[in-house]
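Sequence lines, in order, name chains F and L.
Start counting the first sequence at 82; every next residue gets the next number (the working numbering).
Start counting the second sequence at 128; every next residue gets the next number (the working numbering).
For reference, the structure discussed in these notes is given below.
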Amino acid sequence: MNTFTLLPVLSLADGARESARPGSILKAGGVDLLDRMKEGLEKPERVISIAHVPGHDAIEMGSPARIGALATLARIDGHAELRRLFPALADAAGGAATPQIRNMATLGGNLAQRPRCWYFRQADFDCKKKGGSQCFAQDGENRFHAIFDTDVCCCIHPSATATALLAYDAKLETVAPKGPRTIPIEEFFVGPKEDPHRENRLAPGEIIATIVIPQPAAGTRSVYKKLKEKESFDWPIVEACVAISVAGGTIRDARVVLGSVSPKPRRSREAEKILTGARPSPELIGRAADAAVHGATPLSQNAHKVRLAKVMLERALREALA
Amino acid sequence: VAVHDCGLVVNALTAESQVHGGIIQGISYALYENRILDQATGRMVNPNVEQYKIAGSLDVPEIDVTFLPVWDGVNNTHSVGIGEPSTVATAGAVANAVSHAIGARITSLPITPESVLAAYDGAQRRKAEGESGGGGVA
C-alpha cells in the first residue's frame, strides 16, 4: 500500500470540501477502500475520514424513515423498528459479509462500494473499468458475472442494501461542495454503457448523508432472498427482493428487484406489471419470475444464474404473498 | 459421523480435534476450494480468501467422531497418523450424499450449485429419454 495522510474531519461539509481536492479520497468504514488500496487500485495522497463525524449514524423511524449514511450494517440489522417496517433492508444488511465487517461497514459505503469482479480487483488486468480497452470477464472466467447488460463490462453491482433500497423506492440526500441534493435511488446508479469507470452519480466531493425511505403502504410485505455457495462470508450468486402490498385479495403495488445479475441493481418493471392488479397464485408467481429473467444474456459460464435468479424470485414472491 | 481407525489413540482429545479439522477441510475440498485460472493469461483470478472459498464457522456441521482402534500400527507406538484420512473420506461422503439427493453422480470437485444443477438436469434428461423409449438404459 502507498503512504498517505489520514485526515479525520468532523463535519460532512468539511469532508466534501477536502475530498474534492485532487489526490484525495473519502473513507467512512474503510472496508472497500482499504481492499482497493491494498490491491494497488487506489493510491490516494490523502484519505479523508468521515468515520467519526457526529450525528450521521442515526436511524430515525419517522415517516419517511431517515437513516444516516454512517449507520453500520450491524446496527441496521439489529434495529427492531427498522426490521419491522423494512425487513428486506435489515436482512440484506445482516446477511452481508461477516460480523466484523458489518460492525465497520456503513450503509453509505455499502451503496458506493466498487464491484468485486476479480479482473477489476487485480491491478495487472487493465480492464475497461480501470480505463483499459477490454473486459476480460466477457470471454474469461465469468461464472459469477452479470446475466443482463453484459456487452460493455459484465461486472455485477455488489451492494445488497441497494437491492433492498430500490424495492423500497428510497432517496439519497447528499452533501457536496456545490451544495446538497436529493437523488432517487433508481437514478443513483450508472451502468457501464453510460460510463464504465464509475457505478454511481456521486460527483467529486459529494457524500451520501442520509438515506430516506418512504413509509410503505399499509399491508406491504417485503422479502429479501439470496443464494450463496457458503453460509459464512460469501458474495451472493443471485439476490431477489420484493415489496408488495395486497388489499382485498388483489396486489395493489409491487416492486421487484434482482441483485447480483447486472452492473446496476435491476428493477423488473415487466414482473411488476404482471403482478399489479392480479390475484396471487402459483401460476402468477411463475409468470412474474419468468418475465423478470426474460431477455437475459448469460455469458459462457453463468447460464445457471438465470435459473437461480428465477428460483430466488419465486421464493421471495411466495413468502411475500403467503 | 466419522469413524476412523488410527491404531492406538494416545491422546483422545487431540485425536478427535484432528478429525474435526480434517472434516472441515474436507468440506471445503468437496464444496468450495477452487483455484480458478484465467484461460487466456494463466493468472489465478481468485488469489485471496475472499474469492478462494474455504468453509467458515457457519459452514461447519455437528461432528461426531468415533475411533475403532483395530489395526495395530507397525511401530513401537501402535499408532498411525490421522491428519489426512479424515479429509479424504469427507469429500467422498459429501459427494455420495449429493448423489443420493439428486439421483446423479458428480465426478469433479468442488460441487457447486452450478454443477448440481447440470448433473440433475442430465439425470432428468436421461430418465425422460429412457421413458420415451428413445435411449438405452444408462
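Where is the CB? At the ideal position from N, CA and C, for every residue including glycine.
These figures come from a predicted structure and were not determined experimentally.
Buried/exposed call for residue i, threshold 16 Cβ in 10 Å
i, result
"F/Ala299", "exposed"
"F/Lys259", "exposed"
"F/Pro180", "exposed"
"F/Glu312", "exposed"
"F/Pro277", "buried"
"F/Lys124", "exposed"
"L/Trp198", "exposed"
"F/Glu82", "The sequence given here has Met at residue 82 of chain F, not Glu. Exposed is the call here."
"F/Asp58", "Beyond the ends of chain F as shown, which are 82 and 403, falls residue 58 of chain F; an answer cannot be given."
"F/His375", "exposed"
"L/His227", "exposed"
"F/Gly136", "exposed"
"L/Ser184", "exposed"
Chain-ordered neighbours of residue i on chain L, where CB pairs are closer than 8 Å
i, result
"F/Phe311", "Checking the sequence, you will find Lys at residue 311 of chain F rather than Phe. Going along chain L in sequence order, the residues near F/Lys311 (Cβ under 8 Å) are Leu158, Tyr159, Lys180, Ala182, Gly183, Leu185, Asp186."
"F/Phe270", "The premise fails here: F/Phe270 is roughly 23 Å from chain L at the closest Cβ pair, so nothing lies under 8 Å."
"F/Ile318", "Pro240"
Own chain residues within Cβ distance below 7 Å of residue i, not counting five before or after
i, result
"F/Asp113", "Gly190, Gln194, Arg195"
"F/Arg164", "Ala171"
"L/Thr214", "Gly149, Gln152, Gly153, Tyr156"
"F/Arg399", "Ile366"
"F/Leu389", "Leu308, Ile318, Val319"
"F/Thr242", "Leu170, Ala173, Ala174, Leu188, Asn191, Leu192"
Contact set for residue i: own chain, Cβ-Cβ below 6 Å, skip 5 residues either direction
i, result
"F/Arg144", "Contrary to the premise, residue 144 of chain F reads as Ser rather than Arg in this sequence. Within the same chain, F/Ser144 has close Cβ partners Gln296."
"F/Leu365", "Ala359"
"F/Cys64", "Within the shown structure, residues of chain F are numbered from 82 to 403, placing residue 64 of chain F beyond reach of any answer."
"F/Pro239", "Gln194, Pro196, Arg197"
"F/Ala352", "Val337, Ala369, Ala372, Ala373"
"L/Thr190", "First, the amino acid is wrong: residue 190 of chain L is Ile here, not Thr. Only His147, Ile150 meet the Cβ criterion."
"F/Arg391", "The sequence as given places Lys at residue 391 of chain F; Arg does not occur at that position. Taken in chain order, the residues that qualify are Ala370, Val374."
"L/Ala265", "Only weak support is given to the placement of L/Ala265: the predicted model assigns it a pLDDT of 41, under 50, and the value that follows is read from those uncertain coordinates. For L/Ala265, where only same-chain residues beyond five positions count, the Cβ hits under 6 Å are Arg253."
Cut-off 8 Å between Cβ atoms - residues of its own chain near residue i, not counting five sequence neighbours on either side
i, result
"L/Ile238", "Ala157, Leu158, Val221, Ala222, Val225"
"L/Gly249", "Ala231"
"F/Glu395", "Ile366, Gly367, Ala370"
"L/Pro212", "His131, Cys133, Gly149"
"F/Thr291", "His137, Arg147, Ile148, Gly149, Ala150, Leu253, Glu254"
Beta-ladder partner(s) of residue i, from DSSP
i, result
"F/Gln215", "F/Cys208"
"F/Gly340", "F/Glu320"
"F/Pro297", "Paired residue(s): none; F/Pro297 is not in a bridge."
"F/Met118", "Paired residue(s): none; F/Met118 is not in a bridge."
"F/Ile332", "F/Val327"
"L/Ala167", "According to DSSP, L/Ala167 bridges with nothing at all."
"F/Ile289", "F/Thr255"
"F/Arg302", "F/Ile325"
"F/Gly149", "F/Thr291"
"F/Ile140", "F/Ile148"
"F/Ile129", "F/Leu88, F/Leu107"
7 Å Cβ cut-off: residues of chain F touching residue i
i, result
"L/Ile190", "In chain order: nothing, as chain F lies at least about 16 Å away."
"L/Ala167", "Gly221"
"L/Ile163", "Glu222"
Proximal chain F residues relative to residue i, where beta-carbon distance stays under 8 Å
i, result
"L/Val172", "Trp199, Tyr200, Gln203, Gly221, Glu222"
Under 7 Å by beta carbon: chain L residues contacting residue i
i, result
"F/Asp315", "Lys180"
Listed by chain order, chain F residues near residue i by CB distance under 9 Å
i, result
"L/Leu244", "His385, Arg388, Leu389"
Within chain L, the residues that residue i reaches when beta carbons sit closer than 9 Å
i, result
"F/Phe217", "Asp165, Ala167, Thr168, Val172"
Notebook entry, point to check: What residues in the stretch 224 to 240 of chain F have a beta carbon less than 7 Å from any beta carbon of chain L?
Noted result: Arg224
Check: At a Cβ cut of 8 Å, what residues of the stretch 227 to 241 of chain L count as close to chain F, listed as they run along the chain?
Finding: Thr239, Pro240, Glu241
Notebook entry, point to check: At a Cβ cut of 7 Å, what residues of the stretch 99 to 131 of chain F count as close to chain L, listed as they run along the chain?
Noted result: none
Note to self: What are the residues in the stretch 384 to 395 of chain F lying within 8 Å of chain L by C-beta distance?
What the structure shows: Answer set for the stretch 384 to 395 of chain F: His385, Arg388, Leu389.
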